[in-house]
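Down below is the structure, laid out as structure tokens.
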Amino acid sequence: MAPKLRISHLGKRFNELHALLDINLDVERGEFISVVGPSGCGKTTFLRIIAGLEPASSGEVLLDGRAVHGPGGDRGFVFQNDSLLPWRTVFANAIIGREVAGQVGAAERQRTMELLKLVGLEGFENYHPRQLSGGMRQRVNLARALAIDPEILLMDEPFSSLDAQTREIMQTELMRIWEEGRKTVLFVTHQIDEAVFLSDRVLVFARRPGRLLESVVIELPRPRALAIKRTAEFVRYVDHIWRLIEDDVRASVIEEKV
Amino acid sequence: MSGVEGIEVERAAQPQVHRRLPRFYFAGLLSVLGGLLLWELVSRFLVANTLFLAAPSQIFTAIMALARSGELWRHMSVSAIEFALGYVIASVLGVIIGFAMAESPTAKRALQPWISGLYATPTIALAPLFILWLGIGIWSKVLVVIFLVLFPVTINTEAGLRTTSERLIEMLRSFGATPRQIFFKVSLPSAVPFILAGLKLGIGRGLIGVVVAELFGSRAGLGRLIAQSADAFNMPELFAGVVVLAVAGIVLTAGFGWIEKRLVPWTKD
Chain L
58 MAPKLRISHL
68 GKRFNELHAL
78 LDINLDVERG
88 EFISVVGPSG
98 CGKTTFLRII
108 AGLEPASSGE
118 VLLDGRAVHG
128 PGGDRGFVFQ
138 NDSLLPWRTV
148 FANAIIGREV
158 AGQVGAAERQ
168 RTMELLKLVG
178 LEGFENYHPR
188 QLSGGMRQRV
198 NLARALAIDP
208 EILLMDEPFS
218 SLDAQTREIM
228 QTELMRIWEE
238 GRKTVLFVTH
248 QIDEAVFLSD
258 RVLVFARRPG
268 RLLESVVIEL
278 PRPRALAIKR
288 TAEFVRYVDH
298 IWRLIEDDVR
308 ASVIEEKV
Chain D
45 MSGVEGIEVE
55 RAAQPQVHRR
65 LPRFYFAGLL
75 SVLGGLLLWE
85 LVSRFLVANT
95 LFLAAPSQIF
105 TAIMALARSG
115 ELWRHMSVSA
125 IEFALGYVIA
135 SVLGVIIGFA
145 MAESPTAKRA
155 LQPWISGLYA
165 TPTIALAPLF
175 ILWLGIGIWS
185 KVLVVIFLVL
195 FPVTINTEAG
205 LRTTSERLIE
215 MLRSFGATPR
225 QIFFKVSLPS
235 AVPFILAGLK
245 LGIGRGLIGV
255 VVAELFGSRA
265 GLGRLIAQSA
275 DAFNMPELFA
285 GVVVLAVAGI
295 VLTAGFGWIE
305 KRLVPWTKD
């Protein structure tokens with residue numbers, strides 16, 4: 058079977074800087090893939106190119122065999138910052154993707170209500186974003202991306218602004234939601250344990266130039282509970298990935314200080 | 045939902061109670077009544093000359109007398125019509141010009157020097173010229189009001205559309221939204237608070253414009269009332285005109301605040 062997503066010889070340059078260099082990747086339908094790496098390794102740029110929010114300098118992105126040239130309703134993007142419209146209710150925010158596509162019939166409204174229930178926001182449909190906590194806002198962000206029923210879900214560090222406890226809750230929530238539909242997911246994060254916990258495969262990126270260093274297959278049984286993070290196997294995966302990027306991370310931290 | 049996040053939810057969902065509101069009103073009322081009392085005492089016993097300072101009670105009597113004779117309504121209605129015409133015309137024009145400037149760089153470059161120049165100019169000083177052109181009827185005052193209200197509305201509309209959050213635009217773009225959809229679903233709603241702020245600024249400027257233009261030459265209006273009272277050294281009546289204007293300003297601004305709270309509740313937190 059053809060891969061859901063095929064990325065071949067993808068490159069991105071900002072003037073002299075190689076943000077991404079020759080990335081090749083096949084993603085199967087229903088796979089949950091995380092991308093980790095130090096700051097400046099181009100992981101967010103990588104995701105934005107797949108979303109069509111930024112053009113590639115070379116190579117191509119094929120979704121179901123079709124080349125990606127711009128944003129489209131076949132990809133749902135979950136933003137790092139929730140990007141909710143403050144004047145819209147939770148429901149009106151969640152359905153905006155459908156609205157843009159001109160599809161706001163009874164079926165879509167029904168589906169959006171179901172998704173809000175799935176992400177744990179039943180009863181909050183008529184609230185405004187300012188009335189919600191950070192975790193709840195990210196739930197709306199997720200429901201909004203799911204509401205267009207995308208072929209692939211692109212998530213850009215969606216839990217990075219949450220506190221540690223809420224973050225863990227959201228990880229298990231995301232797993233629960235993902236088990237329901239088994240969408241193909243590309244998840245960018247800078248937390249290695251988050252990547253290992255969620256993924257079938259973790260792509261480790263390196264910087265200068267931004268490139269794919271290693272693809273680590275995570276063979277932990279599903280469904281996974283938070284307790285799995287304390288098992289020896291889990292820790293081995295985390296250590297392995299950490300060693301891959303350790304030098305790069307140190308270099309990037311020193312640079313940020315300077 | 046359960047656990048840590050559940051607690052967070054309950055806190056976030058609680059309606060906010062304004063327990064301090066009555067007390068706040070009480071302090072305001074006390075301050076106003078105290079001020080009026082002081083004014084009354086000073087003007088009666090310290091100044092003791094109506095020509096220099098009319099007492100609140102005398103002003104109130106003057107307002108009642110003007111109201112009974114119908115004079116007050118005649119002046120008020122003329123000023124109100126001048127203000128309303130100028131304000132509405134300026135608001136519509138201001139929003140349109142603001143849109144044009146936000147959407148077209150050429151329009152912005154062409155209009156910006158005029159907007160900046162005229163906004164900073166005390167155009168009210170041109171009122172005598174407008175009276176010369178348009179006569180002492182209402183239209184010269186309407187023009188003054190337009191000049192005073194147009195610029196804050198234009199500038200705020202343009203700024204509001206220009207400062208739309210890039211993040212929100214990008215969010216909509218990720219769903220494949222057209223520029224038109226981005227304008228109506230993001231730029232326009234996020235500019236509304238700015239436009240309303242410009243319109244609110246316009247109220248005070250417009251009211252001043254009406255009165256000052258009337259002072260320069262008119263047949264009726266609150267400015268006319270003030271001018272003729274000054275000529276006759278009838279200070280209670282002069283104050284009556286000023287007080288009616290102040291009340292109009294307060295009522296219009298408060299009414300506007302009420303509309304704002306309903307139209308753009310997300311800015312009031």
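Taken in order, these protein sequences are the chains called L and D.
According to the working numbering, the stretch in the first sequence is residues 58 to 315, in order.
According to the working numbering, the stretch in the second sequence is residues 45 to 313, in order.
Beta carbons: idealized from backbone N, C-alpha and C, even for Gly.
Remember, it's a predicted structure, so these values are computed and weren't measured experimentally.
- When C-beta distances to chain D are compared with 8 Å, the residues of the segment 148-176 of chain L below that value are I153, G154, E156, V157 and A158, in chain order.
- Counting the other CB atoms within 10 Å of its CB gives A202 (chain L) a total of 16 or more, which places it among the buried residues.
- For the segment 127-142 of chain L, the set of positions with a beta-carbon nearer than 7 Å to some beta-carbon of chain D reads P128, G129, G130, F134, F136, N138, S140 and L142 in chain order.
- Residue environment analysis places D296 (chain L) among the exposed positions, since fewer than 16 neighbouring C-beta atoms fall within 10 angstroms of its C-beta.
- R224 (chain L) has its alpha-carbon roughly 6 Å from the corresponding atom of F216 (chain L).
- Contact between L269 (chain D) and H119 (chain D) holds: their C-beta atoms lie close to 5 Å from each other, under 8 Å.
- For I80 (chain L), the enclosing beta strand (DSSP E) starts and ends at L74 to V84.
- According to the DSSP assignment, E225 (chain L) belongs to the alpha helix (DSSP H) that extends over A221 to G238.
- Nearest CB-CB separation between L243 (chain D) and chain L: not below the 9 Å threshold.
- Within the same chain, Cβ atoms closer than 7 Å to the Cβ of A76 (chain L) are found at K69, R70, G99, T102 and G267, the five residues on either side in sequence being excluded.
- Residues of the same chain with a CB within less than 8 Å of the CB of R187 (chain L), apart from the 5 flanking positions on each side, are P143 in chain order.
- Only buried fits V157 (chain L), as 16 or more other CB atoms lie within 10 angstroms of its CB.
- Rounded to whole angstroms, the separation of the alpha carbons of L67 (chain L) and R194 (chain L) is 33 Å.
- Contact check for I205 (chain L) and G133 (chain L): beta-carbon distance about 6 Å, within the 8 Å limit, so the pair qualifies.
- Residue environment: A108 (chain L) is assigned as buried (16 or more neighbouring CB atoms within 10 Å of its CB, all protein chains considered).
- Inclusion of L104 (chain L) and D257 (chain L) in the CB contact set at 9 Å is not warranted, their separation being larger than that value.
- Annotation: Cβ neighbours of L216 (chain D) in chain L (cutoff 8 Å, chain order): I153 and V157.
- One thing to note: V197 (chain D) has its Cβ within 9 Å of the Cβ of G246 (chain D).
- Exposed is the label assigned to L95 (chain D), since fewer than 16 other Cβ atoms lie within 10 Å of its Cβ.
- Here DSSP, grouped into helix, strand and coil, assigns V93 (chain L) to strand.
- Taking 9 Å as the upper bound on Cβ-Cβ separation, chain L lies near residues S209, R211, L212, E214, M215, L216, R217, S218, F219, G220, A221 and T222 of the segment 191-224 of chain D.
- The C-beta distance from I80 (chain L) to I64 (chain L) rounds to 6 Å, short enough to meet the 8 Å contact threshold.
- At a beta-carbon threshold of 8 Å, the residues of chain L lying near P233 (chain D) are L142 and W144, ordered along the chain.
- In chain L, no part has a C-beta under 8 Å from the C-beta of V139 (chain D); the shortest such distance is about 18 Å.
- Our two residues, S121 (chain D) and L266 (chain D), have alpha carbons roughly 9 Å apart in a direct line.
- For V122 (chain D), no chain L residue has a C-beta closer than 8 Å to its own C-beta; the minimum C-beta separation is roughly 39 Å.
- Taking G177 (chain L) as the centre and dropping the five residues before and after it, the same chain places the C-beta of R196 and E230 closer than 7 Å to its C-beta, in chain order.
- In the DSSP assignment, T241 (chain L) forms a beta bridge with L:I209.
- With contacts defined as CB atoms closer than 9 Å, I298 (chain L) and V93 (chain L) qualify as a contacting pair.
- Per the Cβ contact rule, the segment 120-135 of chain D is in contact with the segment 251-265 of chain D (3 or more Cβ pairs under 8 Å).
- Proximity of chain L to V230 (chain D) at the Cβ level (cut-off 8 Å) is accounted for by L142, in chain order.
- Under a criterion of Cβ atoms nearer than 9 Å, the residues of chain D adjacent to L110 (chain L) are, in order, E214, R217 and S218.
- Within the same chain, and ignoring the five residues on either side of I125 (chain D) in sequence, the residues whose Cβ sits closer than 7 Å to its Cβ are I182.
- As a beta-bridge residue in DSSP terms, E271 (chain L) pairs with L:V261.
- Against chain D, a Cβ distance below 7 Å from I205 (chain L) picks out F219.
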